[in-house]
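**Student:** In our numbering, the protein residues as written are 164 to 364.
Please read through the structure below; I'll follow up with questions.
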């Protein structure tokens with residue numbers, strides 16, 4: 164039980180650190196005017212699957228947009244999932260798939276991540292792409308909306324969060340290890356007492 168909990172904590176820590184590191188790295192910035200189409204390049208090559216994710220400025224969670232798998236027959240990629248076929252498409256390349264956004268609007272602003280997977284290996288992410296409108300604020304339908312060209316958050320904050328999470332996880336693993344050790348010691352002591360206790364007639 165202790166081993167399973169330790170593995171779970173390590174996976175949680177790894178996933179959290181990975182997300183913060185992805186956000187902390189400098190992203191490629193792409194500028195587009197409202198209503199235009201844009202193609203975002205994927206800098207990964209994969210043998211099995213390519214996935215594109217979007218993270219808007221307001222939300223921390225990643226939203227899956229398209230996935231493409233490699234055909235076993237001819238080795239070329241084909242789109243097997245698209246959340247909105249009238250708005251997203253995939254530009255198939257050798258070993259990769261670029262994301263095409265049709266008629267960009269304000270909801271498309273934010274960070275995009277291209278992920279690649281080789282069979283059973285975990286997903287590897289390429290460099291993030293930040294999509295924004297040029298010139299800061301956008302006047303749309305009589306109301307102003309702030310664009311996604313705001314400066315990114317301080318990278319030092321990401322490192323502080325990573326250090327705090329690491330410390331908490333290490334403390335938890337230490338407690339779990341001690342509990343497992345004492346459980347074993349108590350079990351051995353009970354075993355020794357059971358077999359060495361003198362018998363009285």
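Where is the CB? At the ideal position from N, CA and C, for every residue including glycine.
None of these values were measured; they are calculated from a predicted model.
Would you mind working out which of 298, 214, 210, 228 sits nearest residue 196, comparing C-alpha positions?
**Tutor:** Comparing Cα positions, the closest option is 298.
**Student:** Could you please give the first and the last residue of the uninterrupted beta strand (DSSP E) stretch that includes residue 259?
**Tutor:** 259-264
**Student:** Who are the near neighbours of residue 214 in its chain, counting only those whose CB is closer than 6 Å to its CB and skipping five residues on each side?
**Tutor:** Taking C-beta separations shorter than 6 Å and ignoring five residues to either side along the sequence, the partners of residue 214 in its chain run 230, 278, following chain order.
**Student:** Considering only residues of the same chain and omitting the five flanking positions on each side of residue 198, which have a CB-CB separation below 6 Å?
**Tutor:** 266
**Student:** Thinking C-beta only, is residue 259 closer than 8 Å to residue 201?
**Tutor:** no
**Student:** Would you give the residue range spanned by the beta strand (DSSP E) that residue 234 belongs to?
**Tutor:** Careful: residue 234 lies outside any beta strand (DSSP E) and carries neither H nor E.
**Student:** Go through its chain and collect everything with a Cβ distance to residue 367's Cβ below 6 Å, but skip five positions before and after it.
**Tutor:** Missing from the structure shown is residue 367; the chain here goes from 164 to 364 and no further.
**Student:** In angstroms, rounded to a whole number, what distance separates the CA positions of residue 192 and residue 257?
**Tutor:** 24 Å
**Student:** Tell whether a beta-carbon distance below 8 Å holds between residue 210 and residue 281.
**Tutor:** yes
**Student:** Cβ of residue 422 within 8 Å of Cβ of residue 190?
**Tutor:** The structure shown does not extend to residue 422, since the chain is modelled only from 164 through 364, so no value can be given for it.
**Student:** Of the choices 222, 261, 226, whose alpha-carbon is the least far from that of residue 241?
**Tutor:** 261
**Student:** Distance check for residue 204 and residue 217, CA to CA, integer angstroms please.
**Tutor:** 14 Å
**Student:** Can you tell which of 249, 212, 337 has the C-alpha that lies nearest to the C-alpha of residue 243?
**Tutor:** Considering only alpha carbons, the answer is 212.
**Student:** Alpha carbons only, please: which of 347, 264, 275 is nearest the one belonging to residue 249?
**Tutor:** 264
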